[in-house]
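**Q**
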Amino acid sequence: MVVAQKLKEAEITEQDSLLLTRNLLRIAIFNISYIRGLFPEKYFSDKGVPALGVYDALQKKYLRTLMFCVCETAEGPMIEEYS
């Protein structure tokens, strides 16, 4: 006789989704910046910035689109765009 086992599925909350989105954004921007050599290596360290910018906008549901652009110079043409 085969006994079926019920597995309790983990519920994914809105907070879990927010944390995952925040971490994926952090990883994506870090990797693009690091691989492209956009900043000196000394700037790549973990630092918390609570209640500011993108993460705050995500939490408050203000953010619809985030664009990360790479330009040749500060005033120069955009050469890469991630959205």
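Residues in the sequence shown are numbered from 1 upward in steps of one, following UniProt numbering.
Quick reminder that beta carbons are idealized off the backbone N, C-alpha and C, glycines included.
This one's a predicted model, so the numbers in the text were calculated from it and none came from an experiment.
In the DSSP assignment, what residue or residues form a beta bridge with V70?
**A** Note: V70 sits in a beta bridge opposite E80.
**Q** Identify the continuous alpha helix (DSSP H) that holds S33 and give its terminal residues.
**A** Unbroken alpha helix (DSSP H) run through S33: E14 to R36.
**Q** Look at the alpha carbon of E72 and the alpha carbon of A10, and state the distance between them as a whole number of angstroms.
**A** Roughly 45 Å separates the two Cα atoms.
**Q** Near V54, which residues of its chain fall below 7 Å by C-beta distance, leaving aside the five closest residues on each side in sequence?
**A** Only L25, L63 and L66 meet the Cβ criterion.
**Q** Tell me which residue opens and which closes the alpha helix (DSSP H) that D56 is part of.
**A** Looking at the DSSP string, the run of the alpha helix (DSSP H) that includes D56 is G53 to Q59.
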